[in-house]
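Just so you know, we're using the numbering used here here: the sequence shown kicks off at 18 and counts up by one.
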Amino acid sequence: MATDSDYDVVVIGAGAGGLNAALLLARARRRVAVVDNGQPRNAPAEHMHGFLSRDGMSPSAFLEVGREEVVGYGATMINAVVDDLVAFDGGGFTASMDNGQVLRARSVVVATGLRDELPDIPGVRDRWGRDVVHCPYCHGYEFRDQALGVLGVSPGSISHAQLLRQWSADVTLFAHTLDLSDEDRATLAARGIEVVDGAVAEVVVRDDAVRGVVPADGDLVARSVVFVVPRMVPRDALLTKVGCAVGEDGWVTVDKAGRTSVPGVYAVGNVIDPKAQVVTAAGMGCAAGFAINFDLVQQDIAAAVAAKTS
Ligand SMILES: Cc1cc2nc3c(=O)[nH]c(=O)nc-3n(C[C@H](O)[C@H](O)[C@H](O)COP(=O)(O)OP(=O)(O)OC[C@H]3O[C@@H](n4cnc5c(N)ncnc54)[C@H](O)[C@@H]3O)c2cc1C
């Protein structure tokens with residue numbers, strides 16, 4: 018097949034996961050291309066927290082530094098969408114991009130992250146990443162002791178409210194779609210968490226800030242921050258297309274070094290783990306970088322031995 022360029026590794030996605038894999042591999046003197054279309058998951062947030070030595074940095078500045086480091090070791094950065102991935106006989110892959118370019122590589126890292134599907138409640142999407150958020154560990158400290166609301170969009174919202182009680186004594190759970198048992202109500206009440214029954218009509222936003230939550234059949238309940246757990250959908254179409262195994266939970270399975278069930282295809286970060294934070298995704302990328310280089314060295318040994326004996 019005719020291709021534009023040959024690489025040892027093509028990394029698809031330049032978030033923390035993909036960039037850290039690329040950094041390891043470029044430093045291992047591998048020919049690396051990184052393809053990305055500039056939509057990291059935490060782009061709506063102004064600050065990133067929980068990453069030692071990077072705490073409070075802006076997500077875009079963090080990724081900019083990462084890209085510079087990777088390019089500094091000779092990797093190629095391409096701004097495009099990879100829309101097809103094909104494995105070919107004899108090993109290797111082609112990655113086709115929406116700019117018409119096709120890259121051929123011995124191995125592929127898919128680090129495409131996930132998509133947050135938000136509930137269709139007015140106000141939620143507008144404020145996402147600012148004062149409508151999901152992760153207590155990313156935002157809880159900054160919103161400590163404030164009036165927190167939790168939208169009940171799945172059974173997990175109950176434990177979400179209980180968790181947030183760690184950061185503020187003023188937590189209200191809006192039941193919305195939840196059917197709360199007597200036991201749920203008792204445990205929430207025991208921790209001083211208010212419950213507002215019924216559907217939510219709107220998250221009210223005024224003067225560039227969340228002001229509260231309006232139940233369908235009630236008055237505004239003043240809140241300064243709203244937490245909601247989105248439905249997290251992995252961007253794994255390229256992985257499933259090449260036949261990577263999917264677990265019972267619906268997520269592509271990998272070993273500790275990011276190896277999928279398809280030899281030569283690795284996956285790191287939120288595309289295989291919705292819980293991965295920035296530091297965790299970067300760690301997964303690092304581990305995959307080690308594994309990929311090791312696996313390529315094994316191929317290089319086999320090829321060298323075959324060449325000697327033929
Ligand atoms: C609002 C918000 C705030 C957050 N705050 C924090 C925080 O403070 N601290 C923290 O640790 N975590 C935070 N997170 C979680 C954090 O965003 C993730 O942990 C992190 O982004 C995972 O990194 P990743 O590399 O797996 O994916 P991403 O960072 O999402 O990177 C994936 C990249 O792949 C690209 N891509 C996708 N598909 C393709 C394709 N087909 N072709 C080319 N490129 C593609 C995307 O454009 C994107 O750049 C936050 C999340 C949200 C939603």
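All C-beta atoms, glycine included, are put in the ideal place defined by N, C-alpha and C. Predicted, not measured: the structure shown is a model, and the values here were computed from it.
Thr-189: member of the beta strand (DSSP E) spanning 188 to 191, first to last residue.
Contiguous alpha helix (DSSP H) elements confined to the segment 18 to 91 occur at 33 to 44, 76 to 89, taking only those with 4 or more residues.
Of the heavy atoms belonging to ligand 1, none sits nearer than 6 Å to the Cβ of Asn-37.
Contact annotation, Pro-57 with Gly-32: C-beta distance approximately 5 Å; criterion of less than 8 Å satisfied. If you draw a straight line from the Cα of Thr-257 to the Cα of Gly-30, it is about 16 Å long. Beta bridge pairing from DSSP links Tyr-283 with Val-126, Arg-276. For ligand 1, no non-hydrogen atom lies closer than 6 Å to the CB of Gln-315. Boundaries for Gly-229: no alpha helix (DSSP H) harbours it, while the beta strand (DSSP E) harbouring it runs 226 to 232, taken from the DSSP string. Met-94 is bridged by DSSP to Val-51. Taken in chain order, the complete beta strand (DSSP E) segments of 3 or more residues contained in the segment 134 to 180 are 165 to 168. With a cut-off of 6 Å, the C-beta of His-177 is classified as distant from ligand 1, since no heavy atom of the ligand falls inside that distance. Shown here, Thr-257 sits in a helix according to DSSP, grouped into three states.
Judged by beta-carbon spacing, Thr-111 lies within the 7 Å limit of Val-103, meaning their Cβ atoms are closer than that value.
Looking at the DSSP output, Arg-248 shares a beta bridge with Glu-134.
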